[in-house]
Structure formats: structure tokens, C-alpha cells
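Undergrad:
Residue numbers (the numbering used here): 6 to 462.
(1) Grouping DSSP H, G and I as helix and E and B as strand, with all else coil, what is residue 169?
(2) Under a three-way DSSP split, which group does residue 190 fall into?
(3) Counting only the same chain and skipping the five closest in sequence on each side, list residues whose C-beta sits under 8 Å from that of residue 2.
(4) Could you check if residue 20 is buried or exposed, using at least 16 other CB atoms within 10 Å of its CB as the buried criterion?
(5) Where does residue 239 sit, in a helix, a strand or coil, going by DSSP?
(6) Is residue 209 near the ligand GDP - that is, is its Cβ less than 6 Å away from at least one heavy atom of it?
(7) Less than 7 Å between C-beta atoms, sequence neighbours within five positions excluded: which residues of the same chain meet that for residue 463?
(8) In chain order, what residues of the same chain lie with their CB nearer than 6 Å to the CB of residue 469, ignoring the 5 residues before and after it?
(9) Can you give the beta carbon distance from residue 148 to residue 191, rounded, assuming they're within the 8 Å contact cut?
(10) I'd like the span of the beta strand (DSSP E) that includes residue 183, first residue to last.
(11) Note down, in chain order, each residue of its chain lying with its Cβ closer than 7 Å to the Cβ of residue 81, except the 5 sequence neighbours on either side.
(12) Look up residue 228 in the DSSP assignment and give the residues it is bridged to.
(13) Alpha carbon to alpha carbon, how far is residue 356 from residue 11? Give it in angstroms, no decimals.
(14) Measuring alpha carbon to alpha carbon, tell me which of 225, 360, 392 ends up nearest residue 271.
(15) Cutting at 7 Å between CB atoms, please list the residues of its own chain near residue 35, excluding the five before and the five after it.
(16) Which residue comes first and which comes last in the alpha helix (DSSP H) that contains residue 427?
(17) Let me know if residue 13 comes out buried or exposed under the rule of 16 or more other beta-carbons within 10 Å of its beta-carbon.
(18) Given a cut-off of 7 Å, decide if residue 298 and residue 308 are closer than it, judged by their beta-carbon atoms.
(19) Have a look at the DSSP bridge pairing and note the partners of residue 46.
(20) Quick one, are the C-beta atoms of residue 406 and residue 259 less than 7 Å apart?
(21) Can you name, in chain order, every residue of its own chain whose Cβ lies under 6 Å from the Cβ of residue 256, other than the five neighbours on each side?
(22) Runs of 4 residues minimum, wholly inside the stretch 352-417: which ones carry the alpha helix (DSSP H) assignment?
(23) Going by other Cβ atoms of all chains shown within 10 Å of its Cβ, with 16 needed for buried, is residue 15 buried or exposed?
(24) Nearest CA to the CA of residue 161: which residue from 188, 144, 288?
(25) Considering only their Cβ atoms, is the gap separating residue 366 from residue 380 smaller than 7 Å?
(26) Where does residue 511 land, buried or exposed, given buried means 16+ other C-beta within 10 angstroms?
(27) Taking a contact to mean a Cβ-Cβ separation below 7 Å, would you say residue 128 touches residue 430 in this structure?
(28) Using the beta-carbon count (16 or more within 10 Å), is residue 340 buried or exposed?
(29) Looking only at its own chain, which residues have a Cβ that is under 7 Å from the Cβ of residue 174, when we skip the five neighbours before and after it?
(30) By the three-class DSSP mapping on this structure, what secondary structure does residue 453 have?
(31) Identify, in the order they occur along the chain, each residue of the same chain with its Cβ nearer than 6 Å to the Cβ of residue 454, setting aside the five sequence neighbours on each side.
(32) Is it right to say residue 22 is buried, meaning 16 or more other beta carbons lie within 10 angstroms of its own, or is it exposed?
(33) Alpha carbon to alpha carbon, what distance is there between residue 420 and residue 78?
(34) Rounded to whole angstroms, what is the Cα-Cα separation between residue 199 and residue 281?
(35) Kindly list the residues whose CB is nearer than 8 Å to the CB of residue 369, restricted to its own chain and excluding five residues on each side of it in sequence; keep chain order.
(36) Exposed or buried, what is residue 290 when buried is set at 16 or more other beta-carbons lying within 10 Å of its beta-carbon?
The following block contains the structure:
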């Protein structure tokens, strides 16, 4: 029954034949990535095991390579993404051998490199960017009934449906609780992963909202006093709240702080104020947080303090383990496990353990490079009108939020291809001139792309 994971591939082919590569990407791949779980795989012994989104992307990538890859122009993001993918894939091959590494090698291609390449190559115009953001946000918002069911009843409806087609594959994902409330995870397996997905979706929605990209009302659904953009924003905020995950929620607040830079008349002056505010709040908060977590799990007064203490103990006990195999790590499942610490709730540490310190360094470099380049582009363009509609500052905020979130949580499943998709999306925007190409305009103009200018008919 797991063969149903290949169904999105058939839809992609049909959409390509009847429409275009870009249409298949927007209608099939983006929807599949956001709506369907990545823990479901079509398992064939001896071959890679594709997920829904990996199956969906392969036909699109094949047609994309045939129609226009020869006109690709390389940029900094390409190099950083390629180095990261090679480091992760090669480290697993060296530490575990090809038989064990083939699924990860396939995942890094179909869930890493290809999402980046297609996002950069197919999301070219301002209209494309708006369509991509709308598609993602609407799919997220439409899942609110399932989030509410999980939050109320304490079981995941996605597990209830997909366990029948993929028996045993979702057994590791169970609904967790915090403060007595069920933490909604949606199709993403764990509430932590749902929180990261919603962090990205929320800030893309705020960008759409600020620039007035939504129609005034839904066709058949209205709430007095609220327009369509406000309703969608409220829904996505509610979904993020229902996850009860502190890391991504704090990351969303940090992202909002970075976005404030683009809301002032003078972004450079606003940046100094925002940076000062972050330091003024962040340094005391970091000191207090360190003291809060340093008591140890045995002396913790409640579950929240025990969780914070656990994360500190992870660093204390696992950094030395990571440094024993600095260059290539221990492999996905090969590092020596510390008794009582089965979960590595720090993605930089986890990467170092699995694939070596260079993998974590490359991820940090990629995040820092994207934030720096986006902020520089936003600064040069000046304030966008209406205030807060700058995509450069919005994307920089999302990356800052992600960088903070994965310091305290795990990143996997749907979040990995979403991260690379977002990076391709941002790289395409920067290659097209970013905010500088749009100036203060708020219309859906189509700037001339500098990196890749192929239109798929």
C-alpha cells in the first residue's frame, strides 16, 4: 500500500503535460510539501525510499533540467548549498557505507538540492513569489480543523489516515503534551517541526498581508469586521500557538523584530535601534536562561526547567563526542549514546555528531550569508511602501528565526526541503535585484531576472 507515495509523481507528470513545469511545481510540489507527511515512504528493498514530496519533485526536476538548466547562472547560495549537501552525503557514505547511506544520499538530492534548484529556477517573478507564498499559507491555514482536533482529543488525525497505507512508519510520532495541553503536530510528525513550518508560513503571510496581496474577502465565507488577510493571519497564529513549542514561537518573535528594520523611514537607523533592543533584552535573557538551565534535571522545579536543563546537559556531554570525529561525524545512527539522553534537541550539535563539525559550520555560514545579503539588499533599497512590505527584511527575519529555533529543537522531515526551498526562493529574489528591483512599488511587477530567465510555456 505504500506505493501511494508515488501518486504525487503521477500528478506532476499530468500537470506538466497539460500545463507547464512551473504550474506542476506550484500546484503539486508546493501543496505536497506542506500538506503531506514526509515520514511516509514507498519502501522497495535495495532502492531509495521516496516520500510524497520527493516523488512529486522528480518529474518536475527532470523536465526543468531538459528545458533550461543550461542557462543557469551560479551564485553564492549555489556554492553553499552544494557544499552542505556534499558534506552530509559524503560523511554518511564514509561512516556507514553505500548500503546504509543510499537513502540519505537520495534525500539530500530530492529533499535538498532539487528543492533549492527548482525554487531558484521557477520562482522568478514577483507574481511567482506572491503565488508561492499564497499557496503555502493557504494550505497551512486549511489544516486548522485537524490542528484543533489534535489539540482537543490528543491524537493526530494524519496518523489515523496514513498509518493504514504506511503501517509502522509513523509509530515514532506520538502527540506530546505541555502544561496539560496536547501539542498539535499536523502532518509533520512532531509539534516542533510543525512550529518551524508555521514560523515560515506566518511571516510569509505577514508579508502578503502588509503588501495588500489578498483579495478583500473570501467568496463564500466572511467574518464581520475582518478581511481575508486578517482572518488568515489569525488562523496561522492560532496554529502556531496550538503547537506549544517555545523555540519556534520565540523564533517567530525574533523574526518579527528583524522585520521591524524595514518598517522605518530610515532602515539603517532603525537597525541600530532593533539591534540595541535585541542585545538589551537578549543578553540578560541569555544569562537568566543559562542560570535557569544550569540547575540540572535532578534539581529542576518543573517540566519546563527540566527541559531547559536537558538541553544544557546535551552540550556538556556531547560536544566532546562530536569532536572525536570532527571531520565527518559518526553517521546518522553511529554516535555513542549517553544513557538517558536519547534526543539531541539542538540541530547544530546533531549535525556535528552525524556529519561532522564542517556540516554545522556550513549550515551556520549559509544562514549568516542569507541574513547578511538580504539585510544589505533591504538597506540599499530603503523603506518599502506600505511599511513592512519589504521581502528582503521579511526573509532575513525568517532566517534569523530559523537559526534561533534549531538551536533548541530538531530539524527534519518536511522542514528540510522547506528550508532548501526557502533558500532557493530567497536566492532567486536576490539575483533578480531583491527590493532594489521593486523600489517602493507594491504592484505585482515582474522584475528582470539576472540569474535565470527561462520561462516555461
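By construction, the Cβ of each residue, glycine as well, lies at the ideal position given by its N, Cα and C atoms.
TA: Looking at the atomic coordinates:
(1) Locating residue 169 in the chain shown gives position 164, where the first residue counts as 1. Note: residue 169 maps to coil in three-state DSSP.
(2) Within the chain shown, numbered from 1, the residue matching residue 190 stands at position 185. Reduced to three states, the DSSP call for residue 190 is coil.
(3) Nothing can be reported for residue 2: it is not among the residues displayed for the chain, which extend from 6 to 462.
(4) For this step, residue 20 is matched to residue 15 along the chain shown. Residue 20 is buried by the Cβ-count criterion.
(5) The count along the chain shown starts at 1 and reaches residue 239 at position 234. Here residue 239 sits in helix by DSSP.
(6) As presented, the structure is devoid of all ligands, the ligand GDP included, so that no description of it is given.
(7) The chain is shown from 6 up to 462; residue 463 falls before or after that span and cannot be answered.
(8) Since the first residue shown for the chain is 6 and the last is 462, residue 469 is missing from the structure and cannot be characterised.
(9) The residue given as residue 148 occupies position 143 in the chain shown. The residue given as residue 191 occupies position 186 in the chain shown. About 6 Å separates the two Cβ atoms, so the contact holds.
(10) Against the chain shown, residue 183 aligns to sequence position 178. Per DSSP, residue 183 belongs to the beta strand (DSSP E) from 181-183.
(11) Reading the chain shown from its first residue, position 76 is the one you call residue 81. Sequence-distant partners of residue 81 (beyond 5 residues in either direction) whose C-beta falls short of 7 Å from its own C-beta, in its chain, are 374.
(12) To locate residue 228, count along the chain shown from 1; it is residue 223. According to DSSP, which records beta bridges pairwise, residue 228 is partnered with 231.
(13) By one-based count along the chain shown, residue 11 stands at place 6. By one-based count along the chain shown, residue 356 stands at place 351. Rounded to whole angstroms, residue 11 to residue 356 spans 29 Å at the Cα level.
(14) What you label residue 271 is simply residue 266 of the chain shown in a count that begins at 1. Ranking the options by Cα distance to residue 271, first place goes to 392.
(15) Looking up residue 35 in the chain shown gives position 30. The answer, listed in chain order, is 137, 140, 141.
(16) In the chain shown, residue 427 corresponds to position 422, counting from 1. That run of the alpha helix (DSSP H) goes 420-436.
(17) Reading the chain shown from its first residue, position 8 is the one you call residue 13. So residue 13 counts as buried.
(18) Position 303 of the chain shown, counting from 1, holds the residue named residue 308. Position 293 of the chain shown, counting from 1, holds the residue named residue 298. Cβ atoms of residue 308 and residue 298: not closer than 7 Å.
(19) In the chain shown, residue 46 corresponds to position 41, counting from 1. Paired residue(s): 56.
(20) In the chain shown, the residue the question calls residue 406 occupies position 401. In the chain shown, the residue the question calls residue 259 occupies position 254. Going by C-beta atoms, residue 406 is nearer than 7 Å to residue 259.
(21) On the chain shown, residue 256 is found 251 positions in, with the first residue counted as 1. Excluding positions up to five away in sequence, the list reads 204, 406, 409, 410.
(22) 352-360, 362-386, 396-410
(23) Locating residue 15 in the chain shown gives position 10, where the first residue counts as 1. Under this definition residue 15 is an exposed residue.
(24) Within the chain shown, numbered from 1, the residue matching residue 161 stands at position 156. With distances taken between Cα atoms, residue 161 lies closest to 188.
(25) Here the question's residue 380 lines up with position 375 in the chain shown. Here the question's residue 366 lines up with position 361 in the chain shown. Contact flag unset, no.
(26) Limits of the chain in this structure are 6 at one end and 462 at the other, which puts residue 511 out of reach.
(27) For the purposes of this step, residue 128 is taken as residue 123 along the chain shown, with counting starting at 1. For the purposes of this step, residue 430 is taken as residue 425 along the chain shown, with counting starting at 1. Yes, the pair counts as a contact, with Cβ atoms nearer than the cut-off.
(28) Looking up residue 340 in the chain shown gives position 335. The residue is buried, with at least 16 neighbouring Cβ atoms inside 10 Å.
(29) The count along the chain shown starts at 1 and reaches residue 174 at position 169. Closer than 7 Å at Cβ, skipping near neighbours: 44, 45, 46.
(30) Translated into the one-based positions of the chain shown, residue 453 becomes position 448. Note that residue 453 has pLDDT 40, beneath the 50 cutoff, so the model's placement of it is unreliable and the number below is only indicative. Three-state DSSP puts residue 453 in coil, outside helix and strand.
(31) The count along the chain shown starts at 1 and reaches residue 454 at position 449. Confidence at residue 454 is low in this model, with a pLDDT of 38, below 50, so its placement is unreliable and no value can be given for it.
(32) By 1-based counting over the chain shown, the position of residue 22 is 17. Answer is exposed; the Cβ neighbour count stays below 16.
(33) Within the chain shown, numbered from 1, the residue matching residue 78 stands at position 73. Within the chain shown, numbered from 1, the residue matching residue 420 stands at position 415. Using only the alpha carbons, I get a separation of about 26 Å.
(34) In the chain shown, residue 199 corresponds to position 194, counting from 1. In the chain shown, residue 281 corresponds to position 276, counting from 1. About 31 Å.
(35) As a first step, residue 369 must be located in the chain shown, where it is residue number 364. Counting only Cβ-Cβ distances below 8 Å, and skipping sequence neighbours, we find 353, 408.
(36) Counting from one through the chain shown, the residue named residue 290 turns up at place 285. When all chains shown are included, residue 290 counts as exposed.
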